[in-house]
Amino acid sequence: MAYKQIVAAAILDSLEAPRKLLAARRTSPPALAGLWEFPGGKLEAGEICEAGVRRELAEELGIEVALGSEVFGPVPQGWILDENAAMRVWFAEITAGTPATLEDHDQLAWVDLDTEALEALDWIPADLPIVQAVLAYTTAGATR
Numbered sequence: 001m002a003y004k005q006i007v008a009a010a011i012l013d014s015l016e017a018p019r020k021l022l023a024a025r026r027t028s029p030p031a032l033a034g035l036w037e038f039p040g041g042k043l044e045a046g047e048i049c050e051a052g053v054r055r056e057l058a059e060e061l062g063i064e065v066a067l068g069s070e071v072f073g074p075v076p077q078g079w080i081l082d083e084n085a086a087m088r089v090w091f092a093e094i095t096a097g098t099p100a101t102l103e104d105h106d107q108l109a110w111v112d113l114d115t116e117a118l119e120a121l122d123w124i125p126a127d128l129p130i131v132q133a134v135l136a137y138t139t140a141g142a143t144r
């Protein structure tokens with residue numbers, strides 16, 4: 001199956017000793033508005049995934065990041081979002097800028113990296129397995 005490739009980041013307060021994750025609340029489309037997600041977006045033609053993550057974070061949040069390890073999903077394209085799209089996700093740490101809601105989001109929140117805090121947010125359903133994987137990776141110290 002050929003999925004449209006989406007890329008995103010699990011932005012941590014630190015790749016070395018993570019304690020918090022930056023979550024973003026969507027403004028559109030209407031079916032997803034008000035739900036929380038990992039910021040990111042579609043790849044542009046000819047763009048490699050890692051470059052796409054950096055570009056999307058600069059456009060959406062106004063930040064530059066260092067990428068850590070990938071949060072591997074069940075298929076080569078990452079995590080299946082729906083019948084048409086799959087998303088690869090990388091851990092990231094901000095290296096320049098302050099996150100702001102420039103595009104596609106109306107709220108950002110630094111959330112404690114624990115099950116209770118993360119599950120308190122109303123995540124996009126397709127992102128829930130990724131949230132669990134992020135918790136597993138951070139608990140195992142596998143973010144770099």
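Numbering (UniProt numbering), first residue to last: 1 to 144.
Every residue, glycine too, gets a C-beta built ideally from N, C-alpha and C.
Spatial neighbours of residue i within its chain, please: C-beta separation below 7 angstroms, excluding the five flanking residues on both sides.
i, result
"residue 18", "12, 113, 138, 143"
"residue 130", "38, 71, 79, 89"
"residue 2", "none"
Counting along the chain, where does the alpha helix (DSSP H) carrying residue i start and finish?
i, result
"residue 77", "Neither: residue 77 is in no alpha helix (DSSP H) and is coded neither H nor E."
"residue 109", "Residue 109 -> not in any alpha helix (DSSP H); beta strand (DSSP E) instead, spanning 105-112."
"residue 137", "128-140"
"residue 118", "115-119"
Between which two residues does the beta strand (DSSP E) holding residue i run?
i, result
"residue 19", "That residue, residue 19, is in no beta strand (DSSP E); it is neither H nor E in DSSP."
"residue 93", "85-96"
Which of the three DSSP states, helix, strand or coil, is assigned to residue i?
i, result
"residue 10", "strand"
By Cβ distance, which residues of its chain are closer than 6 angstroms to residue i, with the 5 residues on each side in sequence left out?
i, result
"residue 41", "56"
"residue 73", "79"
"residue 120", "none"
So, for residue i: in the same chain, excluding its five sequence neighbours on each side, which residues have a beta-carbon less than 8 angstroms away from its beta-carbon?
i, result
"residue 100", "61, 62, 108"
"residue 64", "54, 57, 58, 94, 95, 96, 97"
"residue 69", "90, 91, 137, 142, 143, 144"
"residue 67", "9, 50, 53, 54, 90, 91, 92"
With a cut-off of 8 angstroms on the beta carbons, I'd call residue i and residue j a contact; round off their distance for me.
i, j, result
"residue 52", "residue 7", "4 angstroms"
"residue 26", "residue 35", "6 angstroms"
"residue 10", "residue 134", "5 angstroms"
"residue 4", "residue 85", "4 angstroms"
"residue 81", "residue 126", "4 angstroms"
"residue 122", "residue 28", "The Cβ separation is near 16 angstroms, so there is no contact."
"residue 43", "residue 110", "Rounded, the Cβ-Cβ distance is 27 angstroms, inconsistent with contact."
Self-check item: Whole runs of the beta strand (DSSP E) within the segment 29-73, excluding any shorter than 3 residues
Solution: 40-42, 64-71
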